[in-house]
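Presented below is the structure to which this report refers.
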Amino acid sequence: MLQENNLLSCLKIGMKDNLPPATRQRIVAKAPEWRMLEKPWKSLLLIAIHELQIPGDDDSSPSPNMMRGRRNVRGRRGARGAGGPMEWLPEASDVLISDASPDSFRLAILLIRKTLFSDDWEDSWDEILDGLRESASTDGVHPVWSKMAESTPILAQFAAFPQNEIVEEEDESFDLKKSRIDPANSKSMANVLSVFEPNISNAKVKMAIQKAKAQINGKRGLREIAGLEDLEGDASVISALLKIHLGIDAKDSLKELAKTDSKLADSLTDLIQLRSGKASDWNKSRSLKGDDELSRAIVESAWNLMPSEASKLSSEELQSGIEIVKSPQQRETLTWWKLSALVNEGSSETALELLKSLTVESDADMEILIPIIKQLGEEAFEWLASQISNLAEESLSDIIVDEEIGSTLRLAAAKRMHDIGASIGIEASIDLFTSGLDLTRLAQVLFVDEQRCADHPYATLLVAHLLPAKTKGWDFETIRKARRNALSTVEDAEVPNSFSSASRGLILMLDGAAQTNDDWVVKTLDKPGLKAFNNCKQALKDGGDGLADSKVLDTLAKSVEEADLGDVESRLFDAVIDTLRLNRASWLLQTGKSKGVVQLLDGLLSGEVTAMPMMQAVRHLVLEYDIGLPNLVSWYQENDPQSPWHTLARAAVHVGNDDELNAARDYKRAGDHPDFDYEHKILLYRKSLIHLAHAEQWSEAVSLLEQEPALKSALTKRFQLYLNVSKLASNNKTTDEATRALKNFVKRTVMVEQEDQFGKMQSVERTRHSEEELDVLRNYPSSHPRPLPREPFSGRVKAAFNTLQRERRRNRHTFENRYAQAMIHDPTGEEIYEIALEASAVKPLEGLMLLERAQNSGKFSVLDIKRLSDAERGLFATYRHNLPVKNRSYLRHLALSPLVIIDTNILIDELQYRISEKLGISSEASLDIGGRGRFHRVLKHRAEQGVIHIWLPKIVQNELFGIAGDVERIRSRFADTLVGTQDLDEVLTNESLKEIVTGIISDFSTWKPLDLHIEDEANDETIKAELQTFLLEHSEVYDEITAMKRLHSEPIRTVIDKKDIYPEVADQKLMCLATAMANRPLGELGCILIATRDSDFTLVARGIEEKFGFGVIANSRNLNSWLP
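Going left to right, the sequence shown walks through residues 4 to 1127 as the numbering used here numbers them.
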């Protein structure tokens, strides 16, 4: 019946008058009913559309158009096409036997077959054909056959059969249990449509279902449901499901569905409401037990809502929700609720175990989580701390502001907030970073704003003292500037809660503040520690060597270690103790007592963290004293391998290992680095040359000397000669050239009086070679604090001496030859003394030098050396009035004391020191980060020991009084000191400063010259002329010095030859005075030294020493090299 109904619909659509068959066919092909027709029925329809006629007598076959098949035609893809309409027509044999097909259909097929294909017809089939006609006449036929009879005469006989009424085919009933799916599930939707499609009889509906199913299975999904919107009866479930799938209003369809299955309609309504965020009965929805997809979707949607009432469920019920929901956030929330339920149920261990297995999501609800953490205790806090990196800003903020949470966890949250650039309160961050000693982040918070440093002075000072040296992003000058800002406000600032009284006291101690209240110490340390602390204070304040005893420091360190201290207190105590140890090491180095210093300093760098100020102080000691510290090298290797200080530290280690060559090359590399200024560059190159000499790498040393012309001004001509001669002498082919170089060096042009041919006296030039200079050169390698290699230099000196003797035809009985002959065999002290005694009668210096050489020869016993030393002292006592001071520096075995003239740039440190004493400031507990040392104190200490004499000539005294009159200049030296303005004003008065300067002059001018007019000799014109010549010879150096000084301020300079690059008049006068004194045999002075840091002196110190006979010392190490 369905096929006949569809065939009738197609005929009504296609059988239009005046239309060609092809057009009719195109029109019919668009009808849903056409698609619903089976192929044999389509064949019948096409026969009708083409109005197929009965073949005439001349026709042997049906119409060509009808019969044209495509059986032998290839499609565009090469496959064989389907057959034509007539090929869809069943064979007669296929319909002879009754089947499910209507009898009318069978009759029509047989009539067409008999008419069109008569050759294939068998007579026996006529009986069946007649039976079908009789059945049609009796039972009637579907009205479509009457229409078919009108369309083709082949079936004209159908017009005679009675027509039955058309009966609309009803849809089959649906199995609605199969509709309990999740409409959002495309696969389930497609399956349901496939299940329900056969139950649909309406072609349009059926085609709409097929289209919907195709779209659902396609990539773009379902887009339209035209024809399916308002199905009725059981089919309304299709409308409802499709509308829910598309998210459009399904109320009418659900209402229709409720007529046949109200339970299903209610379930679908519940699902829609839950997914829109509404729950009519949440507990009922989440408790559904059905195993169908719809029930599961309702349960899942209910859990996805998670109303607050869900938090009251049992842990078991919540676990079921956890297993259902898919969103990580929902699962996390349910887990926190489950944890809370477990805690409430008394299952804390299970809760803690569950907590540890979890990873928190970034947007975790802290309102749920934090109370649980608090209830579960310390292990839970540790777990949360491990999850900090996963949390979002809001969650981190919740942790930070909750003061019931431990500071460790709050600090971790603050660190995370800071690192991700999130907004965090300044006060909270400073407090947490301070208490947690997170100095790097604390610096990042404070140092971006100068005012912030002033507003939070204690935190700023903490960073300034303890910031790790490996911290990137802040140069040391920035830190010192921040410290100055903090010092300006700390005196009146309120002490933050993160600083205990001990922390405050220790910070002030590190900054040298005057403190009268030490109650914090009493409350902090045990009795031994308190006693040690007081001993340290006593040692620092009451004079003496200003050092805290190492054993006392060990006791103090042990007490601190055992005390109940917070992190901040502990680190500050360690900083104070380390500072005292470093200052002790520095003082020992300055006073020439280096035993154990390397181990002490290396130990200070052995900790996990080295503070930046400590690193600054240590590396300056390394620069000045060549201390090899392996831990310093390791630190730079790990944290800043490209730093020139790394190279410098490595060079010092090479020195300690007697690896002269590598030490020299590393000092050279350090000197090449642009970070070092001209003054330090020259210092490092000079160190390199000295170690190259000790390594006997003469060619490399001379090459460096030639590459750096400025070095020649900073080195004595004797040292340059030593290097050049040694280089030439090391090559057998150039030994004679080395000898000539020595002879040229001692060559002098003198004027002598002689008679001319007329008997008149006239002055003529004569070339002489100074044997006295050769004597000095013979002992030159041994005249250094650390003797240089004697050979091959000394051998060439001897060769030059012998050459000169032969040229002068001297006999073998000269003092030098006698000394040389005596030393070949086993000499006796008496024999050497006799030679020296005779030589002294002629030339005192020559005789004394013979004794010096003998004591350095290594051929005498300790007792003999002592006798030779006593003999030398006796000869000196006899001839000292004939020995100017400048010649005595070579007589090191006499142990003569130097006279040190102290310049004002050293004395101003003493002036600041004495003002600090009046203010109660203790600088000994502060680090010497600039590497200046306490040279002024060392000089005084050495003078009190009787090792040196110290003197302030009037020019220095007057200049010192002038400095004291410049109150603002003195005030500026306290910019980095913790002292109140009012206290400073009370001390910095003219009267007070004059009194202090008078005391300094009294204490630092203990040597009294016998000649009260000795200072007038500074005006000697000859000396002044020689000095001017010297300055001009070193113009390149002074040009560099002036440029270096102008980087800081405009220096006072003297103009010579139109160049304003030379030392000021006062400095030149001091040089002339020292020269004049060096030319005189003053008492038992061993040498004249000027103590100054002025580069006008220090950078040409070797040249000054060689030219004018006095030395220049800029620090304690320089001084120690002149001491016996």
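Ideal placement from N, C-alpha and C gives every residue a C-beta, glycine not left out.
Separation of LEU886 from PRO956, as counted between CA atoms: Taking the first residue of the sequence shown as position 1, residue 956 is located at position 953. Taking the first residue of the sequence shown as position 1, residue 886 is located at position 883. C-alpha separation (whole angstroms): 23 Å.
Contiguous alpha helix (DSSP H) assignments of at least 4 residues, all confined to the stretch 89-158: 95-98, 106-119, 128-142, 146-154
Contact the stretch 1028-1044 vs the stretch 983-992: 3+ CB pairs below 8 Å: no
Segment contact flag, the stretch 840-849 with the stretch 858-873, C-beta cutoff 8 Å, min 3 pairs: A contact is defined here as three or more CB-CB pairs under 8 Å, and the stretch 840-849 fails this definition with respect to the stretch 858-873.
Contained alpha helix (DSSP H) runs [length at least 4] in the stretch 507-587, N- to C-terminal order: Secondary structure remark: continuous alpha helix (DSSP H) runs of at least 4 residues inside the stretch 507-587, in chain order: 522-527, 530-544, 553-565.
Start and end residues, alpha helix (DSSP H) containing THR1149: The displayed coordinates of the chain run from 4 to 1127. Any statement about residue 1149 would go beyond what the structure contains.
4 or more residues per run - each alpha helix (DSSP H) lying fully within the stretch 723-752: 738-748
Cutoff 8 Å; reference LEU414; Cβ partners in own chain excluding five residues on either side: Position 411 of the sequence shown, counted from the start, is the residue given in the question as residue 414. Hits under 8 Å: LEU435, PHE436, SER438, GLY439, ASP441.
Rounded straight-line distance, which links the Cα of GLY230 to that of ARG79: Position 76 of the sequence shown, counted from the start, is the residue given in the question as residue 79. Position 227 of the sequence shown, counted from the start, is the residue given in the question as residue 230. Reliability fails at ARG79, whose pLDDT of 39 lies under 50, so the model's placement of it is uncertain and no value is given.
Endpoints, the alpha helix (DSSP H) within which LYS701 is located: For the purposes of this step, residue 701 is identified with residue 698 of the sequence shown, where counting begins at 1. The question names Lys, yet the displayed sequence has Trp at residue 701. Per DSSP, TRP701 belongs to the alpha helix (DSSP H) from 701-710.
7 Å Cβ cutoff met for LEU291 and SER298: Taking the first residue of the sequence shown as position 1, residue 291 is located at position 288. Taking the first residue of the sequence shown as position 1, residue 298 is located at position 295. Yes. Within cutoff.
Span of the alpha helix (DSSP H), counted from its first residue to its last, around HIS939: One-based indexing of the sequence shown puts residue 939 at position 936. Unbroken alpha helix (DSSP H) run through HIS939: 938-948.
Alpha carbon of HIS828 to alpha carbon of ASP1006, nearest angstrom: For the purposes of this step, residue 828 is identified with residue 825 of the sequence shown, where counting begins at 1. For the purposes of this step, residue 1006 is identified with residue 1003 of the sequence shown, where counting begins at 1. Distance between the alpha carbons of HIS828 and ASP1006 is about 52 Å.
Option in ARG1096, ASN194, ILE1059, SER121 with minimal Cα separation from PHE938: Along the sequence shown, one-based indexing puts residue 938 at 935. For PHE938, the nearest C-alpha among the options comes from ARG1096.
Contact set for THR336: own chain, Cβ-Cβ below 8 Å, skip 5 residues either direction: Counting from 1 along the sequence shown, the entry for residue 336 is found at position 333. MET309, ASP368, ILE371, listed in sequence order.
Residue range of the unbroken beta strand (DSSP E) whose run includes ASP269: Numbered from its first residue, the sequence shown carries residue 269 at position 266. From DSSP, ASP269 is part of no beta strand (DSSP E) but of the alpha helix (DSSP H) over 265-278.
Under 7 Å between C-beta atoms of LEU851 and ILE1091: Locating residue 851 in the sequence shown gives position 848, counting from the first residue. Locating residue 1091 in the sequence shown gives position 1088, counting from the first residue. Result no, Cβ atoms of LEU851 and ILE1091 do not sit closer than 7 Å.
Best match in SER96, ASP133, ILE115 for proximity to ALA152 [C-alpha to C-alpha]: Mapped onto the sequence shown, residue 152 falls at position 149. Checked all of SER96, ASP133, ILE115; the closest Cα to ALA152 is ILE115.
Pair within 7 Å by beta-carbon distance, SER1008 and TRP954: Locating residue 1008 in the sequence shown gives position 1005, where the first residue counts as 1. Locating residue 954 in the sequence shown gives position 951, where the first residue counts as 1. Judged by beta-carbon spacing, TRP954 lies within the 7 Å limit of SER1008, meaning their Cβ atoms are closer than that value.
CA nearest to the CA of LEU511, picked from GLU480, THR527, CYS539, HIS468: Your numbering for residue 511 matches position 508 in the sequence shown. When only C-alpha atoms are compared, the closest one is HIS468.
Distance, LEU1102 Cα to LEU910 Cα: Locating residue 910 in the sequence shown gives position 907, where the first residue counts as 1. Locating residue 1102 in the sequence shown gives position 1099, where the first residue counts as 1. Cα to Cα, LEU910 sits roughly 20 Å from LEU1102.
DSSP three-state assignment for HIS772, whether helix, strand or coil: The sequence position of residue 772 within the sequence shown is 769, counting from 1. Strand, per DSSP.
Cβ neighbours of ALA1081 in the same chain (closer than 7 Å, five flanking residues each side left out): For the purposes of this step, residue 1081 is taken as residue 1078 along the sequence shown, with counting starting at 1. Excluding residues up to 5 positions away in sequence, PRO887, VAL888, LYS889, ILE1091, PHE1111, GLY1112, PHE1113 lie with their Cβ nearer than 7 Å to the Cβ of ALA1081 in the same chain.
Nearest-angstrom Cβ-Cβ length linking ARG183 and LEU274, presumed shorter than 8 Å: Taking the sequence shown and counting its residues from 1, one reaches residue 183 at position 180. Taking the sequence shown and counting its residues from 1, one reaches residue 274 at position 271. In fact, because the Cβ distance is near 10 Å, the residues do not count as touching under 8 Å.
Inter-stretch contact (C-beta, 8 Å, three-pair minimum) for the stretch 188-200 and the stretch 230-246: yes
Contained alpha helix (DSSP H) runs [length at least 4] in the stretch 813-900, N- to C-terminal order: 818-827, 832-845, 847-859, 865-882, 888-891
Continuous beta strand (DSSP E) stretch holding ALA1094: start and end: Residue numbering aside, residue 1094 sits at position 1091 when the sequence shown is read from its first letter. Segment 1088-1094, the beta strand (DSSP E) holding ALA1094.
MET1074, buried or exposed, once every other Cβ within 10 Å from all chains shown has been counted against 16: On the sequence shown, position 1071 is the one that residue 1074 refers to. By the 10 Å Cβ count, MET1074 comes out buried.
Contacts around SER702, its chain only, beta-carbon distance under 7 Å, and the 5 residues preceding and following it disregarded: Counted from its first residue, the sequence shown places residue 702 at position 699. Hits under 7 Å: LYS730.
For GLU756, three-class secondary structure by DSSP: Taking the sequence shown and counting its residues from 1, the one referred to as residue 756 is at position 753. Correct three-state label for GLU756: strand.
The stretch 795-805 contacting the stretch 724-741, beta-carbon criterion three pairs below 8 Å: yes
Assigned secondary structure, GLY81 (DSSP; H/G/I helix, E/B strand, else coil): Here the question's residue 81 lines up with position 78 in the sequence shown. Residue placement at GLY81 is flagged as unreliable, the pLDDT there being 39, under the threshold of 50; the coordinate-derived value follows with that caveat. Looking at GLY81 - three-state DSSP - the assignment turns out to be coil, as it is neither helix nor strand.
For ALA111 and ALA85, the rounded distance between their alpha carbons: Here the question's residue 85 lines up with position 82 in the sequence shown. Here the question's residue 111 lines up with position 108 in the sequence shown. In this prediction, ALA85 has a pLDDT of 38, which is less than 50 and means its spatial position is unreliable; what the coordinates show is noted afterwards. Per the coordinates, the alpha-carbon of ALA85 lies some 23 Å from the alpha-carbon of ALA111.
Spatially closest choice to ASN908 from LEU559, GLY861, GLY965, by CA coordinates: Indexing the sequence shown from 1 puts residue 908 at position 905. Here the closest residue by C-alpha is GLY965.
At least three beta-carbon pairs within less than 8 Å, the stretch 586-600 to the stretch 459-474: no
Through-space distance from LYS254 to ASP20, alpha-carbon basis: If you number the sequence shown from 1, residue 20 lands on position 17. If you number the sequence shown from 1, residue 254 lands on position 251. Rounded to whole angstroms, ASP20 to LYS254 spans 46 Å at the Cα level.
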